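For reference, the structure discussed in these notes is given below.
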Amino acid sequence: MRRFSADFIYTITGEIIPKGIVVTDDEGKILAITDEKVSLDPHIERYDGIITPGFINTHCHLELSHLHQKIKKQQGLISFIKEVIFTRNFPEDVIHEAMKSADEQMRQNGIVAVGDISNQAISSEIKQKSKIKYHTFIEMIGLDATKTEQIIKDAIALKSEFKTPTSLTVHAPYSISKNLLKELRRYCKNNENKIAIHLQECEAEAELYKHKTGSFLEFFKDLNINSETFKAQSKNSIQAILPFLPKSQKILFVHNTFTCLKDIYLTKRFDLDLFWCFCPNANLYIENILPKIDFFKHTNYPITIGTDSLASNDVLDILSEMKVLIKNTKSFATADILKWATINGAKFLGLENDLGSIE
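Residue numbering for the sequence shown follows this note's numbering, starting at -18 and increasing by one per position.
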């Protein structure tokens, strides 16, 4: 049994306890929380600052950890994606060591659960052995509507290679067909299936959806991607995809860098189990711009925090993300952002009975 005390205990779901004490068993399970002043007890481990629940990282790419410091900063999303595609192939042992190190870094930084994007099974063993709870999102990519059936089939096969919780998702609006999104919705009718979608991470995404113009057309050409079946929607990406999302599943919109107030109000019209995710350090690394955080004061849906990958971040640390968010908002208090980093993420991952609060 261990006893911890700090200047304040942030329980998240209850009151802030000054000079409180948290009692745990040797495995870290909380047995009691008290505000009793046992100041002379030599067995209490005392810390300056605050004690919070473990952090929840709702968006990461563990399998890209070997690309740490390999990709130039602030080159824009399209250049970033190209560099990831062209540089991600390393020897398997190098990738494994980088993932193992990243997993331990997150644990040392107080992260207890992660929503992780995977395009292959290489992270499966590390996740199974990790002290961190992982939920893996098997990411589907495919702009060519004629390949939808095979893409779904391959994703289901990849899902079976993971022994930790998994679900199917799509990458981003600019990399999928409407048909693929419809098939994902059909899959969700018969399966519990959380979804995490990269959304509005760059301005070119809106240009593509509204007019089928902009930088993504050159990107598709460079990578020999068939975009013939993609049609201009005369609306931005969030407006285009909302009607095709399943109502029965938890959905995470990741990044939201160019999400406007109109988009936020639009989401209120849909009966979705929606969550937002901010990854501010990755936004600064890739596009050197942050979401309009204060706009999200008008949302009905919970906000969470992610680190993204070491390809687009210097460190996997939710506290570091929180500091950026706190510095760049006038509408949210530190206590609000602590909820984003803990209980909100736990609720998205379905872990709120065990993680996300001190109780």
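Built from N, CA and C at the ideal position, the CB exists for glycine as well. The structure displayed is predicted, hence computed values, not measured ones.
I believe residue i touches residue j by the beta-carbon criterion, under 8 Å. Please report the beta-carbon distance rounded to the nearest angstrom.
i, j, result
"residue 129", "residue 99", "Not quite, the Cβ-Cβ distance comes to about 20 Å (not below 8 Å), so this is no contact."
"residue 80", "residue 44", "7 Å"
"residue 150", "residue 140", "Incorrect: roughly 11 Å between the Cβ atoms, too far for contact."
"residue 52", "residue -10", "Actually they are not in contact, since the Cβ atoms of residue 52 and residue -10 sit about 40 Å apart, beyond 8 Å."
"residue 75", "residue 292", "Not quite, the Cβ-Cβ distance comes to about 14 Å (not below 8 Å), so this is no contact."
"residue 272", "residue 237", "5 Å"
"residue 191", "residue 215", "6 Å"
"residue 295", "residue 42", "In fact, because the Cβ distance is near 15 Å, the residues do not count as touching under 8 Å."
"residue 117", "residue 110", "Not confirmed; about 14 Å, so no contact."
Does DSSP classify residue i as helix, strand or coil?
i, result
"residue 296", "coil"
"residue 301", "helix"
"residue 283", "coil"
"residue 39", "strand"
"residue 242", "helix"
"residue 318", "helix"
"residue 368", "Here the chain covers residues -18 to 340 and nothing more, so residue 368 does not appear."
"residue 256", "strand"
"residue 231", "strand"
"residue 152", "coil"
"residue -17", "strand"
"residue 274", "helix"
"residue 324", "helix"
"residue -2", "strand"
Rounded to whole angstroms, what is the Cα-Cα separation between residue i and residue j?
i, j, result
"residue 308", "residue 235", "20 Å"
"residue 12", "residue 6", "7 Å"
"residue 306", "residue 145", "31 Å"
"residue 165", "residue 8", "39 Å"
"residue 297", "residue 15", "32 Å"
"residue 156", "residue 122", "6 Å"
"residue 58", "residue 268", "6 Å"
"residue 72", "residue 101", "14 Å"
Are residue i and residue j touching if we call contact CB-CB under 8 Å?
i, j, result
"residue 114", "residue 94", "yes"
"residue 326", "residue 37", "yes"
"residue 232", "residue 226", "yes"
"residue 169", "residue 230", "yes"
"residue 96", "residue 336", "no"
"residue 34", "residue 92", "no"
"residue 417", "residue 193", "Here the chain comprises residues numbered -18 to 340, so residue 417 is not present and cannot be evaluated."
"residue 24", "residue 287", "no"
Which runs of the alpha helix (DSSP H) fall wholly inside the stretch 96 to 136 and span at least 4 residues, in chain order? 105 to 110
Enumerate, from N- to C-terminal direction, the unbroken alpha helix (DSSP H) stretches of 4 or more residues contained entirely within the stretch 185 to 220. 196 to 203
Quick one: which unbroken alpha helix (DSSP H) runs of 4-plus residues sit fully inside the stretch 29 to 84? Chain order, please. 58 to 68
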